[in-house]
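Asks: A single structure is presented below for examination.
Residue numbers (the numbering used here): 449 to 763.
Okay, structure coming up:
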């Protein structure tokens with residue numbers, strides 16, 4: 449969920465909703481880092497929308513329901529919602545629902561944010577857990593109310609910093625403080641994630657860098673001189689899914705960006721991400737995102753608001 453507010457509005461005031469697809473070049477300003485943050489109050493419904501960047505939302509006071517490709521569930525103070533690029537969500541039946549959200553870009557300007565992938569606790573929260581089987585790119589978890597309150601306040605301060613003349617080191621510090629509150633109080637029965645073996649990281653990097661390549665488990669295992677079955681076991685243990693399932697999620701994320709931001713035909717998008725068979729691409733996209741490629745693109749092209757052109761917030 450992303451909303452912009454004018455400087456004259458309080459963080460919790462009602463503001464215009466961005467169009468149904470939020471893109472990095474529309475949401476993030478020209479500042480030193482690809483970050484966006486806001487604190488809003490929702491009343492009624494916020495239509496389903498997708499984006500091509502990472503979003504972390506912390507729920508405060510109020511009531512409402514959060515809707516994703518896996519269904520709808522009520523939210524309350526302490527709920528934390530993490531959406532990987534390409535995932536979609538919306539809110540319904542909201543009554544003064546306070547939500548603080550922080551968005552992180554995935555463009556070539558994110559070198560300073562590499563710690564989001566390196567620190568095990570952050571990697572688990574932001575990347576591994578949302579990509580687990582059945583979650584379709586969305587993690588819904590919960591922290592203690594005290595931790596949620598602290599994170600909520602830090603997102604508010606990050607919002608103010610992004611509107612001011614603040615250097616990138618301070619912005620990184622603000623972001624890290626937000627995330628620190630979210631990983632510092634894990635659920636009682638959930639241990640901290642163990643460090644990943646270097647061979648798993650090497651395969652993850654290969655998949656992240658070239659998801660369109662015709663990877664097989666055998667080829668991936670050959671990169672790190674492991675038995676394919678053993679590599680699959682390592683992936684299941686550390687990422688909750690085998691290598692090819694992880695690859696499928698990456699391809700869906702890239703396909704979502706291409707469907708929303710280019711005029712490529714659906715078949716061309718499938719070929720560009722590594723699925724040259726249009727029918728197979730359509731089946732995989734629906735299975736992992738909850739929508740067909742055509743329906744997903746339609747959502748991206750239709751704005752639920754008359755506030756501005758598609759993909760462009762009213763400024």
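Ideal Cβ placement from N, Cα and C applies to all residues, glycine included.
Mark residue 635 as exposed unless 16 or more other C-beta atoms lie within 10 angstroms of its C-beta, in which case mark it buried.
Replies: Unreliable placement is indicated for residue 635, whose pLDDT of 47 sits below 50; no coordinate value is reported for it.
Asks: If you count every other CB in all the chains shown that lies within 10 Å of the CB of residue 577, and 16 or more means buried, which is it?
Replies: buried
Asks: With DSSP collapsed to three states, give me the class of residue 562.
Replies: coil
Asks: Residues in the same chain with beta-carbon distance under 6 Å from residue 518, minus the five sequence neighbours each way, listed in chain order, please.
Replies: 584
Asks: Output the residue ranges of the beta strand (DSSP E) runs that lie fully inside the region 579–610 and measure 3 residues or longer, sorted by chain position.
Replies: 586–590
Asks: Just verifying my parser: in three-state terms, what is the DSSP assignment at residue 826?
Replies: Any answer about residue 826 is impossible in this case: the structure gives the chain only from 449 up to 763.
Asks: At what residues does the alpha helix (DSSP H) containing residue 666 begin and finish?
Replies: 665–671
Asks: Can you check DSSP and say which residues form a bridge with residue 399?
Replies: In the structure as shown, the chain begins at 449 and stops at 763. Residue 399 is therefore absent and cannot be evaluated.
Asks: Rounded to whole angstroms, what's the CA-CA distance from residue 513 to residue 543? Just pull it up for me.
Replies: In a straight line, the C-alpha of residue 513 is about 10 Å away from that of residue 543.
Asks: Figure out for me which residue from 482, 503, 475, 524 has the closest Cα to the Cα of residue 593.
Replies: 524
Asks: Can you give me the Cβ contacts of residue 476 inside the same chain, cut-off strictly under 6 Å, excluding the 5 residues immediately before and after it?
Replies: 482, 484, 553
Asks: Which value, in whole angstroms, describes the spacing of the CA atoms of residue 637 and residue 690?
Replies: Model confidence at residue 637 stands at a pLDDT of 47, short of 50, so the residue's coordinates are unreliable; what they give is reported in the following sentence. Rounded to whole angstroms, residue 637 to residue 690 spans 24 Å at the Cα level.
Asks: Could you tell me the alpha carbon to alpha carbon distance between residue 600 and residue 486, rounded to whole angstroms?
Replies: 10 Å
Asks: What is the C-beta distance between residue 654 and residue 674, in whole angstroms, given that I count them as a contact (C-beta under 8 Å)?
Replies: Not really, about 13 Å apart at Cβ, beyond 8 Å.
Asks: Nearest to residue 527 by CA position, among 663, 704, 508, is which residue?
Replies: Measuring from the Cα of residue 527, the nearest candidate turns out to be 508.
Asks: What would DSSP say about residue 636, mapped onto helix, strand or coil?
Replies: Confidence is the limiting factor: at residue 636 the pLDDT is only 47, short of 50, which leaves the residue's position unreliable, though a coordinate-based value still follows. Looking at residue 636 - three-state DSSP - the assignment turns out to be coil, as it is neither helix nor strand.
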